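I have placed the structure first, in the form of structure tokens, so that the comments after it can refer back to it.
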Amino acid sequence: MAKQSKPIVLNGVGKAYISSTVNGKAQVTPMGTMQDMKISFSGSTDKVYGGDGLAPIYIINKDQDITVTVTEARFGLEYLNLVRGANMESNGLLIFDDGPSLIASGTSYTVSGELTTIVPEETIVTISDDADGEENATPLAYVAESPDEGEFTITAAGEVTLGAEVTNKYISVSGMYTVSDTVSAAVTTASLPGFVMLRHKSMPIDIDDGKKVVIHTVIYKARSTGSLDVDYKRQEASAPELEFDVFDSGRKDGVILRMTQEIVDSASE
35 MAKQSKPIVL NGVGKAYISS TVNGKAQVTP MGTMQDMKIS FSGSTDKVYG
85 GDGLAPIYII NKDQDITVTV TEARFGLEYL NLVRGANMES NGLLIFDDGP
135 SLIASGTSYT VSGELTTIVP EETIVTISDD ADGEENATPL AYVAESPDEG
185 EFTITAAGEV TLGAEVTNKY ISVSGMYTVS DTVSAAVTTA SLPGFVMLRH
235 KSMPIDIDDG KKVVIHTVIY KARSTGSLDV DYKRQEASAP ELEFDVFDSG
285 RKDGVILRMT QEIVDSASE
């Protein structure tokens with residue numbers, strides 16, 4: 035079986051737009067800070083042999099694949115929808131981390147920050163002997179009401195009640211609270227990426243005959259392979275890479291990808 039692959043590389047120039055459907059509504063995601071975009075054409079064949087000759091008598095084309103890989107210089111939550119079919123929501127969860135704080139004596143503590151929308155079930159409370167929250171750190175179990183020793187309750191406003199009195203202990207509280215003016219992407223076990231249309235317009239490119247051209251690329255139907263790396267490193271920029279497979283568009287003309295070369299400058303002009 036033979037395998038052919040020919041990449042076309044548009045090195046970090048131009049802008050791409052990805053059209054998709056999110057929560058039943060059309061959405062266009064601009065990708066104007068690309069580091070690179072690669073379109074790879076590949077195919078496989080089977081050779082048929084017959085008689086005494088060493089050369090094949092026929093070649094069967096088995097498949098023809100097109101893959102698009104885009105590396106962006108920035109990360110956006112909409113990429114999770116493109117890659118994993120995440121549900122985009124306007125009511126997000128934020129993380130808070132409070133303490134360690136000293137409880138001189140008693141069973142009560144209030145989380146700082148004047149939070150009012152804490153999710154009690156998502157809260158972690160730890161009691162320790164030192165201000166670093168490490169010595170004899172003991173996690174407590176959440177209960178909705180009437181805590182016993184080793185348990186705690188917490189209200190949406192951050193009012194913590196311990197199940198047993200403590201003296202000169204440090205409390206650490208971590209959890210989540212809801213905020214209405216945020217955007218979140220929720221990936222579920224059933225999330226699947228949808229089909230998208232990709233459009234790319236390159237910056238002017240010099241070609242061999244002295245002309246300067248802009249390449250316009252349209253991919254009518256593509257779907258993410260499901261791969262996305264979001265890499266957080268110290269003093270380094272995050273550059274997520276998105277990969278798409280190209281599918282039969284279902285168009286009457288059979289076109290799945292179209293590339294048009296626009297001449298924008300010429301040495302002879």
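Residues 35 to 303, numbered by our numbering, are exactly what the sequence shown covers, in order. Ideal Cβ placement from N, Cα and C applies to all residues, glycine included. Predicted model, so just to flag it, every value in this text is computed and none were measured.
Distances from the alpha-carbon of arginine 108 to those of Ala120, Glu199, Met65, Thr251 put Met65 closest. A residue is called buried once 16 or more other Cβ atoms fall within 10 Å of its Cβ, and asparagine 115 is buried on that count. At a Cβ-Cβ threshold of 8 Å, threonine 251 and aspartate 279 do not count as neighbours.
Burial of aspartate 132 is indicated by the presence of at least 16 other C-beta atoms within 10 angstroms of its C-beta. Taking 8 Å as the cut-off, the beta carbon of alanine 198 is found closer than this to the beta carbon of threonine 141. Listed in chain order, the beta strand (DSSP E) elements of length 3 or more contained wholly in the segment 211-244 are 218-220, 229-235.
Counting along the chain, the unbroken alpha helix (DSSP H) around arginine 118 starts and ends at 112-118. With 16 or more other CB atoms across the displayed protein chains lying within 10 angstroms of its CB, serine 206 is buried. If you check the CB distance, tyrosine 51 and leucine 262 do not come in under 8 Å. A direct Cα-Cα distance of roughly 10 Å separates lysine 246 from glutamine 295. DSSP, reduced to helix, strand and coil, places proline 154 within a helical segment of the structure shown.
Buried is the label assigned to alanine 120, since at least 16 other Cβ atoms lie within 10 Å of its Cβ.
In this structure, Tyr204 is the residue among Val153, Tyr204, Asp299, Asp242 with its C-alpha nearest to the C-alpha of tyrosine 143. With respect to alanine 60, glutamate 123 sits apart: the two C-beta atoms are not nearer than 8 Å. As DSSP reads the structure, glycine 126 sits in a beta bridge with Val213. DSSP places valine 177 in the coil class of the three-state scheme, outside both helix and strand.
If the five residues before and after threonine 216 are omitted, its C-beta is found closer than 6 Å to the C-beta atoms of Gly126, all from its own chain and listed in chain order. Restricting attention to Thr187, Thr195, Glu168, Thr150, the CA atom closest to the CA of valine 213 is found in Thr150. Taking a contact to require three or more Cβ pairs closer than 8 Å, the segment 224-234 and the segment 170-185 do not qualify as touching. The criterion of a C-beta distance shorter than 8 Å is satisfied by glycine 209 and valine 153. Taking the CA atoms as reference points, isoleucine 158 sits about 8 Å from tyrosine 176. When Cβ pairs closer than 8 Å are counted between the two stretches, the segment 280-291 is seen not to touch the segment 84-96, the count staying below three. For alanine 191, the secondary structure class from DSSP, reduced to helix, strand or coil, is coil. Pairing valine 289 with arginine 257 gives a Cβ-Cβ distance that is not under 8 Å.
By the Cβ neighbour-count rule, leucine 196 is buried, with 16 or more other Cβ atoms within 10 Å of its own.
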